[in-house]
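Only one structure is covered here, and it is reproduced in the block below.
There are 2 protein chains.
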Amino acid sequence: MKGIVANTVTELENGSIVTPKGFSAVGIHTGVKRKRYDLGAIFCEVPATTAAVYTCNRIQAAPIKVTKESIAEEGKLQAIVVNSGNANACTGKRGIEDAYLMRRESAMHFNIPEHYTAVTSTGVIGEYMPMDKITAGILNLQPESTEEAAVAFNQAILTTDTINKRVCYQTKVNGKTISIGGVAKGSGMINPNMATMLSFVTTDALIESEVLQQALSDITNKTFNRITVDGDTSTNDMVVVMASGLAENDYLTPTHPDWDDFYQALQQTCESLAKQIARDGEGATKLIEVEVTGALSNEDAGKIAKKVVGSDLVKTAIYGTDANWGRIICAVGYSGCEIDPETINIAIGPIQTLINSQPVTFSEEQAKAYMEENDTIKIKVDLHIGEGKGKAWGCDLSYDYVRINAGYRS
Amino acid sequence: MKGIVANTVTELENGSIVTPKGFSAVGIHTGVKRKRYDLGAIFCEVPATTAAVYTCNRIQAAPIKVTKESIAEEGKLQAIVVNSGNANACTGKRGIEDAYLMRRESAMHFNIPEHYTAVTSTGVIGEYMPMDKITAGILNLQPESTEEAAVAFNQAILTTDTINKRVCYQTKVNGKTISIGGVAKGSGMINPNMATMLSFVTTDALIESEVLQQALSDITNKTFNRITVDGDTSTNDMVVVMASGLAENDYLTPTHPDWDDFYQALQQTCESLAKQIARDGEGATKLIEVEVTGALSNEDAGKIAKKVVGSDLVKTAIYGTDANWGRIICAVGYSGCEIDPETINIAIGPIQTLINSQPVTFSEEQAKAYMEENDTIKIKVDLHIGEGKGKAWGCDLSYDYVRINAGYRS
Numbered sequence: 000m001k002g003i004v005a006n007t008v009t010e011l012e013n014g015s016i017v018t019p020k021g022f023s024a025v026g027i028h029t030g031v032k033r034k035r036y037d038l039g040a041i042f043c044e045v046p047a048t049t050a051a052v053y054t055c056n057r058i059q060a061a062p063i064k065v066t067k068e069s070i071a072e073e074g075k076l077q078a079i080v081v082n083s084g085n086a087n088a089c090t091g092k093r094g095i096e097d098a099y100l101m102r103r104e105s106a107m108h109f110n111i112p113e114h115y116t117a118v119t120s121t122g123v124i125g126e127y128m129p130m131d132k133i134t135a136g137i138l139n140l141q142p143e144s145t146e147e148a149a150v151a152f153n154q155a156i157l158t159t160d161t162i163n164k165r166v167c168y169q170t171k172v173n174g175k176t177i178s179i180g181g182v183a184k185g186s187g188m189i190n191p192n193m194a195t196m197l198s199f200v201t202t203d204a205l206i207e208s209e210v211l212q213q214a215l216s217d218i219t220n221k222t223f224n225r226i227t228v229d230g231d232t233s234t235n236d237m238v239v240v241m242a243s244g245l246a247e248n249d250y251l252t253p254t255h256p257d258w259d260d261f262y263q264a265l266q267q268t269c270e271s272l273a274k275q276i277a278r279d280g281e282g283a284t285k286l287i288e289v290e291v292t293g294a295l296s297n298e299d300a301g302k303i304a305k306k307v308v309g310s311d312l313v314k315t316a317i318y319g320t321d322a323n324w325g326r327i328i329c330a331v332g333y334s335g336c337e338i339d340p341e342t343i344n345i346a347i348g349p350i351q352t353l354i355n356s357q358p359v360t361f362s363e364e365q366a367k368a369y370m371e372e373n374d375t376i377k378i379k380v381d382l383h384i385g386e387g388k389g390k391a392w393g394c395d396l397s398y399d400y401v402r403i404n405a406g407y408r409s
Numbered sequence: 000m001k002g003i004v005a006n007t008v009t010e011l012e013n014g015s016i017v018t019p020k021g022f023s024a025v026g027i028h029t030g031v032k033r034k035r036y037d038l039g040a041i042f043c044e045v046p047a048t049t050a051a052v053y054t055c056n057r058i059q060a061a062p063i064k065v066t067k068e069s070i071a072e073e074g075k076l077q078a079i080v081v082n083s084g085n086a087n088a089c090t091g092k093r094g095i096e097d098a099y100l101m102r103r104e105s106a107m108h109f110n111i112p113e114h115y116t117a118v119t120s121t122g123v124i125g126e127y128m129p130m131d132k133i134t135a136g137i138l139n140l141q142p143e144s145t146e147e148a149a150v151a152f153n154q155a156i157l158t159t160d161t162i163n164k165r166v167c168y169q170t171k172v173n174g175k176t177i178s179i180g181g182v183a184k185g186s187g188m189i190n191p192n193m194a195t196m197l198s199f200v201t202t203d204a205l206i207e208s209e210v211l212q213q214a215l216s217d218i219t220n221k222t223f224n225r226i227t228v229d230g231d232t233s234t235n236d237m238v239v240v241m242a243s244g245l246a247e248n249d250y251l252t253p254t255h256p257d258w259d260d261f262y263q264a265l266q267q268t269c270e271s272l273a274k275q276i277a278r279d280g281e282g283a284t285k286l287i288e289v290e291v292t293g294a295l296s297n298e299d300a301g302k303i304a305k306k307v308v309g310s311d312l313v314k315t316a317i318y319g320t321d322a323n324w325g326r327i328i329c330a331v332g333y334s335g336c337e338i339d340p341e342t343i344n345i346a347i348g349p350i351q352t353l354i355n356s357q358p359v360t361f362s363e364e365q366a367k368a369y370m371e372e373n374d375t376i377k378i379k380v381d382l383h384i385g386e387g388k389g390k391a392w393g394c395d396l397s398y399d400y401v402r403i404n405a406g407y408r409s
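Protein chains in written order, with numbering that gives the first Met the number 0: chain A, 0 to 409; chain B, 0 to 409.
In structure tokens:
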């Protein structure tokens, strides 16, 4: 988890969403969930420049609508309040009223304008929110700038997740240290396009809203939109980036000399969170990374990579540590993208299985050993028809996926 | 399985692909598979007018290419030879040569022209065909017009299927009885678009190739292309209809007075086979039928129905007998089709769960009982924005799907 990932972009092992200047967080239990934390907030001491991307599901949950309204006003947020256990999705007019009420109570509690307040929900679809618990809980939200508080927030946004997902990168802009902290939840109903999970990123960089939005949209297409757990695009989810500006750098724009470092740090943050989500996919035992090269375009490469990593047959083969490259090329073939059926190479880890679409003799034992011994299974597909390249991430499909999802509501 | 399904279209309980006049069949064991039958043929005593639809996967198996060539020549076939256990897909030049050899040996054995001969393979992708076993086996193919022979053929084309899939309908054309018999295989890698499975239909109707092709293409879009087991579109599969013409009716065209009956009988045959395939999906315990009404178009309705029936979350919920309509509306939302988020009704069997996108109070116990007690789970979605309607079929996702596919090759 530690190490230098680019010239001047460094991962901070113990960093979090409260590492960037100005941010605090909190997570508590209110009773929406039986035992675990279920309400949390991120707070910024100043109105933070904000960018966001949302699910492309046509059915969007009530809090998505309310949060969009807030951000549309000035492009700034000071507080994000999140509950888990109930998604407030498909709840009709009452759901919208509940989301407004949650925003209003939160704004009053933090003493900020309503349009500086975002609300987000995750959990079961189609049940009304227990608003008595939510509104009582809001009064108990006391954000702090401690690691414990950041962890508590993270726990408050989880549903079927088994691990906390967090990351922090630092870089220099105008010689000043910029931190970017991120947190995420999501382990099922994940096929972002955009964002079928929740992810919140904080930074103390000084940057304008449009520039931040452009960077986030670009990066989302290469990171969050490239993971899939089960192909189901959720109704609720979003990525929000809040920038406090307290690092006091000069405004970041693509022509700023340190732009590339900032962009890299933000991309590393998002890619790390995306991979953590995929690795923690419901029932997952492995992270699968598919890299496609030689495609007609980067877009095609990403699309093909996502088809391969999303194939139930590929996912079950990897769960069974079976180097079944036939299922990989089958998924390449139905991706809908341009390919040449005669020029495809496929490798599973270090084992080449197909060269120019011709099967290669390889050691099944060696392939099995690679899949048994590694937590991350890498599949490389070279199409040999262009320069396009891209990656996608997913997880294997196990008995536990079925167990978790056959009984999620009960 | 028995009964009158339209005015003059009748299901024949003990009918099969050898019921139509002129057809015989055979299935034998050659050693491609360890124990079970693995090579079969359908033979017609005259060159039969033929129509076919193929997988749209860009990676197409060698026998698909060879069969396309055969049919392209005159639009007629006299023999189809099928092996299971090896798909002859992704096998490069040698695979093509093997498919040609299989066709040549079959044509010689049956003493017919090569272009009246089709070859088809299903099974593992990416391994060379054991041609010594295939060519030796071809010499032992002795088709008969008995039920036992039809059953043997059916067994010879199965892979992970657990049941034989067959059906037979009869109708009258010019007062003469026309039979349509069908057989199919397929239980995994099924997301036809077209046809991710094998299906062979025989009839003694007299009809020209173009007319038959048009009817088959139309009907395929409403039947075989509306089933999904795991969303994976295979490299190999096809539907072939052979018409011997021996019923001696007048040529069937859309203006023939009995056209509708013939079309209905063909559609019932294909729909029955498609549903049998979905019901026997790998690990399936239930058939799921999703009917969408009130869509902007029939095409949209079919697309939405297929998204719902293909959702891993819907499939696991039904396996868990959980009336989780939130996952259904979620899949409606990401279908990519026009919807109004505020006007959606959803029913699971007799239980209405959502009216005008507002949750309805219903008995969870009653819903659970419906799902436990029925082999076919019906989901109805009314969008209330148009007149479009369509159905799709699939199956639940169980532990056994994972078990079967984590160890299929070994």
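The beta-carbon is built from N, C-alpha and C at its ideal position, and this holds for glycine as well.
*Who are the Cβ neighbours of B/VAL289 in its own chain at under 6 Å, not counting the five residues just before and after it?*
Counting from 1 along the second sequence, the entry for residue 289 of chain B is found at position 290. Hits under 6 Å: ALA304, VAL307, VAL308, ILE378, ALA391.
_The beta strand (DSSP E) enclosing B/ASN82, as first and last residue numbers_ = Within the second sequence, the letter at position 83 stands for residue 82 of chain B. Looking at the DSSP string, the run of the beta strand (DSSP E) that includes B/ASN82 is 75-85.
*Alpha carbon to alpha carbon, how far is B/ASN192 from A/ILE156?*
Indexing the second sequence from 1 puts residue 192 of chain B at position 193. Indexing the first sequence from 1 puts residue 156 of chain A at position 157. Caution is warranted here: a pLDDT of 35 is assigned to B/ASN192, below 50, making its placement in the model unreliable, and the coordinate value is therefore given only provisionally. Note on geometry: alpha-carbon atoms of B/ASN192 and A/ILE156 lie some 39 Å from one another.
*Express the C-alpha separation of A/ILE350 and A/ALA135 in angstroms, rounding to a whole number.*
For the purposes of this step, residue 135 of chain A is taken as the residue at position 136 of the first sequence. For the purposes of this step, residue 350 of chain A is taken as the residue at position 351 of the first sequence. C-alpha of A/ALA135 to C-alpha of A/ILE350: approximately 57 Å in a straight line.
*Limits of the unbroken alpha helix (DSSP H) element including A/VAL150*: In the first sequence, the residue the question calls residue 150 of chain A occupies position 151. Per DSSP, A/VAL150 belongs to the alpha helix (DSSP H) from 146-155.
*Give the interface partners of A/CYS394 over in chain B, defined as CB-CB distance under 8 Å, in chain order.*
Here residue 394 of chain A refers to the residue found at position 395 when the first sequence is read from its first residue. Going along chain B, no residue has its Cβ under 8 Å from A/CYS394, so there is no contact; the nearest lies around 12 Å.
_Ordered list of beta strand (DSSP E) runs contained in the segment 285-350 of chain B, each at least 3 residues_ = 286-294, 344-347, all fully within the segment 285-350 of chain B.
*Please list the residues of the segment 75-102 of chain B that have a C-beta atom closer than 9 Å to any C-beta atom in chain A, keeping them in chain order.*
Answer set for the segment 75-102 of chain B: ALA86, ALA88, CYS89, THR90, GLY91, LYS92, ARG93.
_Contact set for B/PHE42: own chain, Cβ-Cβ below 6 Å, skip 5 residues either direction_ = Residue numbering aside, residue 42 of chain B sits at position 43 when the second sequence is read from its first letter. The residues are SER23, ALA78, PRO142.
*If you compare alpha carbons, which of A/ALA151, A/SER15, A/PHE223 is closest to A/CYS269?*
One-based indexing of the first sequence puts residue 269 of chain A at position 270. Closest by alpha carbon: A/PHE223.
*Taking only the alpha-carbon atoms, compute the straight-line gap between B/LEU38 and A/THR352 and give it to the nearest angstrom.*
Here residue 38 of chain B is taken as the residue at index 39 of the second sequence, counted from 1. Here residue 352 of chain A is taken as the residue at index 353 of the first sequence, counted from 1. Taking the straight line joining both Cα atoms gives about 28 Å.
*B/VAL118 bridges to which residues according to DSSP?*
Taking the first residue of the second sequence as position 1, residue 118 of chain B is located at position 119. The secondary-structure analysis by DSSP pairs B/VAL118 across a beta bridge with B/VAL80.
*May I ask which residues mark the beginning and end of the alpha helix (DSSP H) holding B/ASP217?*
The residue labelled residue 217 of chain B in the question sits at position 218 within the second sequence. 208-221 is the extent of the alpha helix (DSSP H) around B/ASP217.
*Name, in chain order, the residues that DSSP records as bridge partners for A/THR201.*
In the first sequence, counting from the first residue as 1, residue 201 of chain A sits at position 202. Looking at the DSSP assignment, A/THR201 forms a beta bridge with A/GLY180, A/MET241.
*State yes or no: is the C-beta of A/ILE124 within less than 8 Å of the C-beta of B/GLY293?*
As a position in the first sequence, residue 124 of chain A is number 125, starting the count at 1. As a position in the second sequence, residue 293 of chain B is number 294, starting the count at 1. No, they are not a contact pair.
_Residues that A/GLY497 contacts on chain B, provided the C-beta gap is smaller than 7 Å_ = Nothing about residue 497 of chain A can be reported from this structure: the residues present for chain A run from 0 to 409 only.
*asked:* Considering just the uninterrupted stretch of the beta strand (DSSP E) at B/ARG165, what are its terminal residues?
replied: What you label residue 165 of chain B is simply residue 166 of the second sequence in a count that begins at 1. Annotation for B/ARG165: the continuous beta strand (DSSP E) segment containing it runs 164-172.
_Once DSSP output is grouped into helix, strand and coil, what is the label at A/TYR127?_
As a first step, residue 127 of chain A is located in the first sequence; it is residue number 128 there, counting from the start. Note: A/TYR127 maps to coil in three-state DSSP.
_Cβ pair A/PRO62, A/THR119 closer than 8 Å_ = By one-based count along the first sequence, residue 62 of chain A stands at place 63. By one-based count along the first sequence, residue 119 of chain A stands at place 120. Contact flag set, yes.
*the segment 114-136 of chain B: which residues have C-beta closer than 8 Å to a C-beta of chain A, in chain order?*
Along the segment 114-136 of chain B, the positions whose C-beta sits under 8 Å from a C-beta of chain A are VAL123, ILE124, GLY125, GLU126, TYR127, read in chain order.
*By the criterion of Cβ-Cβ separation under 7 Å, what are the contact partners of B/GLN357 in chain A?*
To locate residue 357 of chain B, count along the second sequence from 1; it is residue 358. Listed along the chain, the chain A residues whose CB falls inside 7 Å of the CB of B/GLN357 are GLY91.
_Please classify A/ILE162 as buried or exposed, where buried requires at least 16 neighbouring CB atoms within 10 angstroms._
Looking up residue 162 of chain A in the first sequence gives position 163. For A/ILE162, the number of other beta carbons within 10 angstroms of its own is below 16, and it is reported as exposed.
*asked:* Quick check: the Cα distance between A/ILE218 and A/VAL239, rounded to an integer number of angstroms?
replied: For the purposes of this step, residue 218 of chain A is taken as the residue at position 219 of the first sequence. For the purposes of this step, residue 239 of chain A is taken as the residue at position 240 of the first sequence. Approximately 13 Å, taken between the alpha carbons.
_Against chain B, does A/ALA277 count as a neighbour if the rule is that its beta carbon must be under 8 Å from one of theirs?_
Residue mapping note: residue 277 of chain A aligns to position 278 of the first sequence, counting from 1. Cβ-Cβ to chain B under 8 Å: no for A/ALA277.
_On the criterion of 16 or more Cβ atoms from any shown chain inside 10 Å, does A/MET128 qualify as buried, or is it exposed?_
Counting from one through the first sequence, the residue named residue 128 of chain A turns up at place 129. By the neighbour-count rule (16 or more Cβ atoms within 10 Å), A/MET128 is buried.
*Is the CB-CB distance between B/ASN373 and B/GLU281 below 8 Å?*
In the second sequence, counting from the first residue as 1, residue 373 of chain B sits at position 374. In the second sequence, counting from the first residue as 1, residue 281 of chain B sits at position 282. At the C-beta level, B/ASN373 and B/GLU281 stay beyond 8 Å of one another.
*When the Cα of A/THR342 is compared with those of A/HIS383, A/GLN267, A/TRP258, which residue comes out closest?*
Your numbering for residue 342 of chain A matches position 343 in the first sequence. Taking only the C-alpha atoms, the option nearest A/THR342 is A/HIS383.
*Of the choices B/ALA300, B/TYR115, B/VAL166, whose alpha-carbon is the least far from that of B/ILE70?*
Taking the first residue of the second sequence as 1, we reach residue 70 of chain B at position 71. Minimum Cα distance to B/ILE70 is reached at B/TYR115.
_In whole angstroms, give me the CA-to-CA distance for A/LEU76 and A/GLU337._
Position 77 of the first sequence holds residue 76 of chain A. Position 338 of the first sequence holds residue 337 of chain A. In this structure, the alpha-carbon of A/LEU76 lies about 43 Å from that of A/GLU337.
_What does the Cβ neighbour count give for B/LYS32, buried or exposed, with the cut at 16 atoms within 10 Å?_
For the purposes of this step, residue 32 of chain B is identified with residue 33 of the second sequence, where counting begins at 1. The residue is buried, with at least 16 neighbouring Cβ atoms inside 10 Å.
*Round the Cβ separation of A/LYS164 and A/ALA149 to the nearest angstrom and send it over; I've been treating them as touching at under 8 Å.*
One-based indexing of the first sequence puts residue 164 of chain A at position 165. One-based indexing of the first sequence puts residue 149 of chain A at position 150. Contact between A/LYS164 and A/ALA149 is ruled out by a C-beta separation of about 12 Å, above the 8 Å threshold.
*Please list, in chain order, all residues of the same chain as B/GLN213 whose beta carbon is under 6 Å from its beta carbon, the five residues on each side excluded.*
Working through the second sequence from its first residue, we reach residue 213 of chain B at position 214. Within its own chain, no residue has a Cβ closer than 6 Å to the Cβ of B/GLN213 once the five positions on either side in sequence are excluded.
*Mind checking if B/ILE328 is an interface residue toward chain A, Cβ cutoff 8 Å exclusive?*
Working through the second sequence from its first residue, we reach residue 328 of chain B at position 329. Yes, B/ILE328 counts as interfacial toward chain A.
*With C-beta atoms as the reference, is B/SER243 less than 8 Å away from B/LYS20?*
Here the question's residue 243 of chain B lines up with position 244 in the second sequence. Here the question's residue 20 of chain B lines up with position 21 in the second sequence. Note that the C-beta distance between B/SER243 and B/LYS20 is below 8 Å.
*Scan the segment 43-59 of chain A for residues whose Cβ lies nearer than 8 Å to a Cβ of chain B and list them as they occur along the chain.*
The residues in question are CYS55, ASN56, ARG57, ILE58, GLN59.
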